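Student: For the sequence shown, the numbering used here gives the first residue as 26, with consecutive numbering after it.
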Amino acid sequence: MYSQGLIGAKTDSAEDQAFLDAFQKRIDAEEKIEPNDPMPEGYRRTLVRQIGQHAHSEIVGMLPEGNWITRAPSLRRKAALLAKVQDEGGHGLYLYSAAETLGVSREEMTEELLAGKAKYSSIFNYPTLTWADIGAIGWLVDGAAIMNQIPLCRCSYGPYARAMIRVCKEESFHQRQGYEIMMTLANGTPEQKEMAQDALNRWWWPSLMMFGPHDSDSQHGDQSMRWKIKRFTNDELRQQFVDSTVPQGEFLGLTFPDPNLKWNEERGHYDFGEIDWDEFWRVVKGGGPMNKERLAARQKAWDEGAWVREAALAHAEKRKARAEAAKMAAE
Ligand code: FAQ
Numbered sequence: 026m027y028s029q030g031l032i033g034a035k036t037d038s039a040e041d042q043a044f045l046d047a048f049q050k051r052i053d054a055e056e057k058i059e060p061n062d063p064m065p066e067g068y069r070r071t072l073v074r075q076i077g078q079h080a081h082s083e084i085v086g087m088l089p090e091g092n093w094i095t096r097a098p099s100l101r102r103k104a105a106l107l108a109k110v111q112d113e114g115g116h117g118l119y120l121y122s123a124a125e126t127l128g129v130s131r132e133e134m135t136e137e138l139l140a141g142k143a144k145y146s147s148i149f150n151y152p153t154l155t156w157a158d159i160g161a162i163g164w165l166v167d168g169a170a171i172m173n174q175i176p177l178c179r180c181s182y183g184p185y186a187r188a189m190i191r192v193c194k195e196e197s198f199h200q201r202q203g204y205e206i207m208m209t210l211a212n213g214t215p216e217q218k219e220m221a222q223d224a225l226n227r228w229w230w231p232s233l234m235m236f237g238p239h240d241s242d243s244q245h246g247d248q249s250m251r252w253k254i255k256r257f258t259n260d261e262l263r264q265q266f267v268d269s270t271v272p273q274g275e276f277l278g279l280t281f282p283d284p285n286l287k288w289n290e291e292r293g294h295y296d297f298g299e300i301d302w303d304e305f306w307r308v309v310k311g312g313g314p315m316n317k318e319r320l321a322a323r324q325k326a327w328d329e330g331a332w333v334r335e336a337a338l339a340h341a342e343k344r345k346a347r348a349e350a351a352k353m354a355a356e
């Protein structure tokens, strides 16, 4: 049920070795692949899968934080959070548009999500229990998203790479607003500091899971690296994230929930403990604390938006008919 759908997959594509080699040569020469260029079906399918998953993540990712807009502690915090959540909606739309250049519609992608065939990031299946969680999401979840997305600005597929440039700029603002919330709490009353610590305790491991399985278990990793869709492996990005985030947590005076986390002078990196992969796969396969609620919320929004889609279509048809009538009258 949870294998990613391959929308529009062609099974009869005749791709001989010469075609595949010529394509790889373009990739190796760092040429951007554009929508009308010939491309292997596997390349197209990989992009539809990844960009679709990414788009769904942005849209589902609006839900945990949206939960706190009405309860933000000040007008300033509310305005910033509102802007952040709106940005995420915008990111989802750029990404759906980028995927549409590969011949799938947003409607098809949404249907795959609602049918449980398309994935979205595991991180959004955890609940936001306190205001500190909004700080932790900005700091850690957006921080992890940036680490993963900066290299995607150099992805071989032009529309995805270009969409990522603006997305990364906005994610950077999101990360700072989250860190600022954490800083305020960490320097506040003992109760506020405890809230920040509790949020770090709950969000740290799920944030590390955002980077995906170990390289040895990453089904698509090698091929995506060869096609320069991915520029770094899951484990490389996870390590970069740990290395840059731990000093930030130490500056806040907080403790990471990992007794094995320590600087390794020889490697020039932090060592860290093993991720609970059973939990990761359980959440990916629909068994996380909030999976059902998240999909139910998306289903409700889709159902309630049906009249808007119908009205937009009827309006577009009317305009087209009017334009055609005007053209005929002029002839
Ligand atoms: N959750 O072979 P790999 C954000 C799946 S945006 C769920 O290594 P790949 C902004 C994977 O799909 C966050 N599923 O796969 C924001 C595959 O399943 P499939 C989203 C996961 O594609 C912030 C299977 O496991 N970012 O946070 C996860 O080479 C704050 C095997 O994995 C993106 O989507 C997971 N964590 O590498 C919004 C970035 N990890 O498809 C609101 C673009 C793996 O065969 C608030 N995506 N899987 O059925 C990527 O870079 C890649 O797709 C990876 C996975 C790195 C996520």
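Idealized CB from N, CA, C, for every residue including glycine.
For clarity, every value in this text was computed on a predicted model and none was experimentally measured.
Would you say the beta carbon of Val-166 is closer than 6 Å to some non-hydrogen atom of the ligand FAQ?
Tutor: Val-166: yes, Cβ under 6 Å from the ligand FAQ.
Student: So does Asn-173 have its beta carbon nearer than 6 Å to some heavy atom of the ligand FAQ?
Tutor: Asn-173: yes, Cβ under 6 Å from the ligand FAQ.
Student: Buried or exposed: which applies to Asn-259, given that a residue is buried once 16 or more other Cβ atoms fall within 10 Å of its Cβ?
Tutor: The residue is buried, with at least 16 neighbouring Cβ atoms inside 10 Å.
Student: Could you work out which residue in His-81, Gln-49 and Ala-348 is closest to Ala-124 when comparing CA atoms only?
Tutor: The shortest Cα separation from Ala-124 among His-81, Gln-49 and Ala-348 belongs to His-81.
Student: Measure the alpha-carbon distance for Pro-176 versus Gln-75 and round it to whole angstroms.
Tutor: Each residue's Cα considered, the two are about 14 Å apart.
Student: Looking only at its own chain, which residues have a Cβ that is under 6 Å from the Cβ of Val-271, when we skip the five neighbours before and after it?
Tutor: Here the set comprises Tyr-295.
Student: What residues are listed by DSSP as bridge partners for Asp-296?
Tutor: According to DSSP, Asp-296 bridges with Lys-287.
Student: Per the DSSP calculation, Ile-84 is bridged to which residue(s)?
Tutor: Answer is none; Ile-84 lacks a bridge partner.
Student: Going by DSSP, name the residue or residues bridged to Ile-58.
Tutor: Answer is Tyr-182.
Student: Along the alpha helix (DSSP H) that carries Gln-111, what are the first and last residues, could you check?
Tutor: Unbroken alpha helix (DSSP H) run through Gln-111: 100-125.
Student: Check whether the Cβ atoms of Asn-285 and Gly-274 lie closer than 7 Å to each other.
Tutor: In this structure, Gly-274 does not lie closer than 7 Å to Asn-285 by Cβ.
Student: Between the C-alpha atoms of Lys-144 and Phe-276, what's the straight-line distance to the nearest angstrom?
Tutor: Each residue's Cα considered, the two are about 35 Å apart.
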